[in-house]
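Those letters in the sequence shown? Residues -26 to -1, 1 to 145, by mature numbering (1 follows the signal peptide of the UniProt record, and there is no 0).
The beta-carbon is built from N, C-alpha and C at its ideal position, and this holds for glycine as well.
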Amino acid sequence: MLQKNTLLFAALSAALWGTTAQDVNAAVVASLKPLGFIASAIADGVTETQVLLPDGASEHDYSLRPSDVKRLQNADLVVWIGPEMEAFMQKSASQLPAEKQVTIAGLSGVKPLLMKGAEDEGDEHDHDHAHGEKGDDHHHHGEYNMHLWLSPEIARLTAVAIHDKLVELMP
């Protein structure tokens, strides 16, 4: 009888310990798939990463659903580019504490890399243009090209910022 009670206690303890360990894990929500890839690589084995925009959705005209807002509110960390690129996120992100966000456009060293002509002109990208239309004029949001996934240096800065924020949230 004592062995059965000990075994039962051990099983219950292990089950409860496993549940509390999962509760400690942060949920990372990235706004776009390129950011999700970076966040997932950094958080691998530490916490779950989710991408907010569904496949096929465009950051240019997306509207948050109530379930998206809930995911953002429940996330321990939200990674997004910024209001210049993702206007749909601006209201919800403004309601989140700064310590729960990584805003890529606000990172030190990112804006100079996004300036027109800072690297290539951004003509090599996924978006279609009519013949003879110069893609560069259409794709700058304000004075910056916010398609930051075109820059390996910005990807590096993003990875460092996500890493630092996760270390801060999960010491």
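For S14 and A92, the rounded distance between their alpha carbons: Counted from its first residue, the sequence shown places residue 92 at position 118. Counted from its first residue, the sequence shown places residue 14 at position 40. Note on A92: pLDDT 48, under 50, position unreliable in the model; the coordinate value appears next. Going from the Cα of A92 to the Cα of S14 covers about 28 Å.
Roughly how many whole angstroms lie between the Cα atoms of V52 and M89? Translated into positions along the sequence shown, residue 52 becomes position 78. Translated into positions along the sequence shown, residue 89 becomes position 115. V52 and M89: Cα-Cα distance of roughly 25 Å.
Could you tell me which of P86, K74, R130, L143 sits nearest to P8, measuring between CA atoms? Counting from 1 along the sequence shown, the entry for residue 8 is found at position 34. Comparing Cα-Cα distances from P8 to each of P86, K74, R130, L143, the minimum goes to R130.
DSSP three-state label for M59, please. To locate residue 59, count along the sequence shown from 1; it is residue 85. Note: M59 maps to coil in three-state DSSP.
Determine the closest residue to S5 out of I12, D18, L26, S82, with distance taken between C-alpha atoms. Along the sequence shown, read from residue 1 onward, the residue named residue 5 stands at position 31. Selection I12, D18, L26, S82 evaluated against S5 yields L26 as nearest (Cα-Cα).
Enclosing alpha helix (DSSP H) for E127 [first to last residue]: Locating residue 127 in the sequence shown gives position 153, where the first residue counts as 1. It spans 126 to 143 - the alpha helix (DSSP H) in which E127 sits, taken as one unbroken run.
Could you tell me whether the Cβ atoms of T21 and I78 are closer together than 8 Å? Translated into the one-based positions of the sequence shown, residue 21 becomes position 47. Translated into the one-based positions of the sequence shown, residue 78 becomes position 104. Cβ distance not < 8 Å, so T21 and I78 don't count as in contact.
Name the residue from S125, R45, L143 whose alpha carbon lies nearest to the alpha carbon of I12. Residue numbering aside, residue 12 sits at position 38 when the sequence shown is read from its first letter. Nearest option by C-alpha distance: S125.
Kindly indicate which three-state DSSP category L75 falls into: helix, strand or coil? Indexing the sequence shown from 1 puts residue 75 at position 101. Here residue 75 is Gln; the residue named in the question, Leu, does not match the sequence. Here Q75 carries a strand assignment [DSSP, helix/strand/coil].
Where does L(-15) sit, in a helix, a strand or coil, going by DSSP? Against the sequence shown, residue -15 aligns to sequence position 12. Confidence is the limiting factor: at L(-15) the pLDDT is only 37, short of 50, which leaves the residue's position unreliable, though a coordinate-based value still follows. The answer is helix: DSSP assigns L(-15) an H, G or I state.
Only counting runs of 4 or more residues, tell me where the alpha helix (DSSP H) segments fall wholly within the stretch 19 to 61, in order along the chain. Qualifying alpha helix (DSSP H) stretches, in chain order: 40 to 48.
K74 at chain B interface by Cβ criterion, 8 Å: Looking for chain B here will not work: only one protein chain is present.
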